[in-house]
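Colleague: After the structure tokens below, expect a handful of questions from me.
Here it is as structure tokens:
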């Protein structure tokens, strides 16, 4: 049939309006459901790296929560060089369901790039010239050939939109996690007693394969002498990856991986069991004993732990620990008592140094964010889940 022979059909205005409404209705039904802001959700993808990114493409995600529940996130970003690698800053205003890139933190001083282990922190009090509410980023500046490590601090006074270099904290040798190579790793920031404290892993002391240390500053510009936090007499021991939370009894708990530490199974395979220490001060962990985290169901998590605390869950609240070996988290409602750990499932997959955040605006919501596994991996992406903590505790084992 030719176009000329097709009958001309006249459609009335009311029918046209009906068809328009029907089309709109079908579009709404077929569209992916959108959760209300600040909901719980499972495994949303924040960023999928392009195929030209280097292995492992992305890794080691971190967040900070600002006023009004605004979230900023960053991670290790293995983009093609040149230009030098950087830490991307993504923002969410709906509790982590949707994200948008707002800035990039680039190396402003070393001409090396910002390569490994970023950490975000918002100042709760003024430190030196930096006002409360200033967002800090500490990270490892490392050249493309990986010959040096340097922990630097950057600051944003406009909620993550622009960034300025603040100070060098410490410098080390090649970015190789082998005993005898004087590298430094994995900064973690917190404020204590009117100062900013930065914790990190240190391979520079010839007596130890690796130990955990901290330095403090009253102005973010100059840093006090090194203080040991965790060290073991056996040279091959490698405690690493400090994270800390404050408990409601005013004590502090540190988690770390204990490279070479004993396993509950009795296996002699070199592993990285999750350990923790409790202290009245976050500056004196070296005086406290290290305890293995072993759940009541017999599970012993290993590798790259992260700790946080929520007031939800009873008079003591709930300590929550993630590890790099399991999708579950481990909870303790007895202020860290060694016999009170339980296992709680999460929808978020296994990631190296998986990140946790309890929201200030709703401490029953736990953000779990990951950047994938250590190389080799060509499928890493940045993903997140938000779980209802009370519901999770009901299923704890």
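Numbering (my numbering), first residue to last: 1192 to 1588. Ideal placement from N, C-alpha and C gives every residue a C-beta, glycine not left out.
1) Out of 1563, 1255 and 1275, state which residue places its alpha-carbon closest to the alpha-carbon of residue 1284.
2) Would the C-beta of residue 1563 count as close to the ligand NAD, meaning under 7 Å from any of its heavy atoms?
3) What runs of the beta strand (DSSP E), each 3 residues or longer, lie entirely inside the stretch 1274 to 1362?
4) Which residues in the same chain have their Cβ closer than 7 Å to the Cβ of residue 1461, if we skip the five residues on either side of it in sequence?
5) How many angstroms separate the CA atom of residue 1316 from the CA atom of residue 1401?
6) Within 10 Å of its beta-carbon, does residue 1302 have 16 or more other beta-carbons around it, so buried, or fewer, so exposed?
7) Does DSSP put residue 1580 in a helix, in a strand, or in coil?
8) If you count every other CB in all the chains shown that lies within 10 Å of the CB of residue 1296, and 16 or more means buried, which is it?
9) Specify the secondary structure class of residue 1234 as computed by DSSP and reduced to three states.
10) According to DSSP, is residue 1260 part of a helix, a strand, or is it coil?
11) Considering only their Cβ atoms, is the gap separating residue 1584 from residue 1520 smaller than 8 Å?
12) Pick helix, strand or coil for residue 1478, following the three-state DSSP scheme.
13) When the distance is taken between beta carbons, is residue 1566 closer than 8 Å to residue 1508?
14) What separation, rounded to the nearest whole angstrom, lies between the Cα atoms of residue 1132 and residue 1506?
15) Using DSSP with H/G/I as helix, E/B as strand and the rest coil, what is residue 1403?
16) Any contact between the stretch 1482 to 1490 and the stretch 1403 to 1421? By contact I mean 3 or more CB pairs, one from each, below 8 Å.
17) Please list the terminal residues of the continuous beta strand (DSSP E) segment that includes residue 1463.
18) Mind checking residue 1268: buried by the 16 CB within 10 Å criterion, or exposed?
19) Where do the N-terminal and C-terminal ends of the beta strand (DSSP E) with residue 1513 fall, by residue?
20) Distance check for residue 1234 and residue 1286, CA to CA, integer angstroms please.
21) Name, in chain order, the residues that DSSP records as bridge partners for residue 1575.
22) Alpha carbon to alpha carbon, how far is residue 1433 from residue 1467? Give it in angstroms, no decimals.
23) What did DSSP end up calling residue 1517 once you bin it into helix, strand or coil?
24) So the beta strand (DSSP E) residue 1443 belongs to, where does it begin and stop?
25) Report yes if the C-beta distance between residue 1305 and residue 1261 is below 8 Å; otherwise report no.
26) Quick one: using the 10 Å Cβ neighbour count with 16 as the cut-off for buried, is residue 1537 buried or exposed?
27) Taking Cβ positions, are residue 1516 and residue 1251 nearer each other than 8 Å?
28) Would DSSP call residue 1380 helix, strand or coil?
29) If you count every other CB in all the chains shown that lies within 10 Å of the CB of residue 1384, and 16 or more means buried, which is it?
30) Quick one: grab the DSSP three-state call for residue 1585.
31) Going by DSSP, which residues form a beta bridge with residue 1427?
32) Whether or not the stretch 1347 to 1356 and the stretch 1442 to 1449 are in contact is what I'm after, with contact meaning three or more pairs of Cβ atoms, one per stretch, closer than 8 Å; do they touch?
33) In the DSSP assignment, the beta strand (DSSP E) including residue 1532 goes from what residue to what residue?
34) Along the chain, where does the beta strand (DSSP E) that runs through residue 1499 open and close?
35) Could you please give the first and the last residue of the uninterrupted beta strand (DSSP E) stretch that includes residue 1419?
36) State the DSSP-derived secondary structure class of residue 1408, mapped to helix, strand or coil.
Modeller: Working from what's here:
1) Taking the first residue of the chain shown as position 1, residue 1284 is located at position 93. Of the candidates 1563, 1255 and 1275, the one whose C-alpha sits nearest the C-alpha of residue 1284 is 1255.
2) Summarising the ligand content, the structure contains no ligands, and the ligand NAD is consequently not present.
3) 1278 to 1283, 1291 to 1296, 1305 to 1313, 1326 to 1332 and 1340 to 1347
4) Position 270 of the chain shown, counted from the start, is the residue given in the question as residue 1461. These residues qualify, in order along the chain: 1451.
5) Along the chain shown, one-based indexing puts residue 1316 at 125. Along the chain shown, one-based indexing puts residue 1401 at 210. Residue 1316 and residue 1401: Cα-Cα distance of roughly 32 Å.
6) On the chain shown, position 111 is the one that residue 1302 refers to. So residue 1302 ends up on the exposed side.
7) For this step, residue 1580 is matched to residue 389 along the chain shown. Helix at residue 1580.
8) Translated into positions along the chain shown, residue 1296 becomes position 105. The residue is buried, with at least 16 neighbouring Cβ atoms inside 10 Å.
9) In the chain shown, the residue the question calls residue 1234 occupies position 43. Strand at residue 1234.
10) If you number the chain shown from 1, residue 1260 lands on position 69. It is helical.
11) Here the question's residue 1520 lines up with position 329 in the chain shown. Here the question's residue 1584 lines up with position 393 in the chain shown. Against a cut-off of 8 Å, the Cβ pair of residue 1584 and residue 1520 comes out as no contact.
12) As a first step, residue 1478 is located in the chain shown; it is residue number 287 there, counting from the start. Residue 1478 falls in the helix class under three-state DSSP.
13) Against the chain shown, residue 1508 aligns to sequence position 317. Against the chain shown, residue 1566 aligns to sequence position 375. Not closer than 8 Å, so no.
14) No answer is possible for residue 1132: it lies beyond the span of the chain, which begins at 1192 and ends at 1588.
15) On the chain shown, residue 1403 is found 212 positions in, with the first residue counted as 1. Of the three classes helix, strand and coil, the one that applies to residue 1403 here is strand, per DSSP.
16) no
17) Numbered from 1 along the chain shown, position 272 holds the residue referred to as residue 1463. First-last for residue 1463: undefined, no H or E at that position.
18) Sequence index remark: in the chain shown, residue 1268 carries index 77 (1-based). When all chains shown are included, residue 1268 counts as buried.
19) Position 322 of the chain shown holds residue 1513. Element bounds for residue 1513: 1509 to 1513.
20) Position 95 of the chain shown, counted from the first residue, corresponds to residue 1286. Position 43 of the chain shown, counted from the first residue, corresponds to residue 1234. Looking at the two C-alpha atoms, the distance is approximately 14 Å.
21) As a first step, residue 1575 is located in the chain shown; it is residue number 384 there, counting from the start. In DSSP, residue 1575 forms a bridge with 1235 and 1560.
22) One-based indexing of the chain shown puts residue 1467 at position 276. One-based indexing of the chain shown puts residue 1433 at position 242. If I take the Cα positions, the gap works out to 10 Å.
23) Along the chain shown, one-based indexing puts residue 1517 at 326. Reduced to three states, the DSSP call for residue 1517 is coil.
24) Along the chain shown, read from residue 1 onward, the residue named residue 1443 stands at position 252. Run containing residue 1443: 1443 to 1450, per the beta strand (DSSP E) assignment.
25) By 1-based counting over the chain shown, the position of residue 1305 is 114. By 1-based counting over the chain shown, the position of residue 1261 is 70. No, these two residues do not count as a Cβ contact at 8 Å.
26) As a working note, residue 1537 is residue 346 in the chain shown. So residue 1537 counts as buried.
27) Locating residue 1516 in the chain shown gives position 325, where the first residue counts as 1. Locating residue 1251 in the chain shown gives position 60, where the first residue counts as 1. Not in contact: residue 1516 and residue 1251 (Cβ atoms no closer than 8 Å).
28) Taking the chain shown and counting its residues from 1, one reaches residue 1380 at position 189. If DSSP states are grouped into helix, strand and coil, residue 1380 belongs with the strands.
29) What you label residue 1384 is simply residue 193 of the chain shown in a count that begins at 1. Counting Cβ neighbours within 10 Å, residue 1384 comes out exposed, since fewer than 16 surround it.
30) Against the chain shown, residue 1585 aligns to sequence position 394. Residue 1585: helix per DSSP, three-state reduction.
31) Within the chain shown, the letter at position 236 stands for residue 1427. Its beta-bridge partners do not exist; DSSP assigns none.
32) no
33) Sequence index remark: in the chain shown, residue 1532 carries index 341 (1-based). Unbroken beta strand (DSSP E) run through residue 1532: 1532 to 1535.
34) For the purposes of this step, residue 1499 is taken as the residue at position 308 of the chain shown. Unbroken beta strand (DSSP E) run through residue 1499: 1497 to 1501.
35) As a working mapping, residue 1419 is identified with position 228 in the chain shown. Residues 1418 to 1421.
36) As a first step, residue 1408 must be located in the chain shown, where it is residue number 217. Reduced to three states, the DSSP call for residue 1408 is strand.
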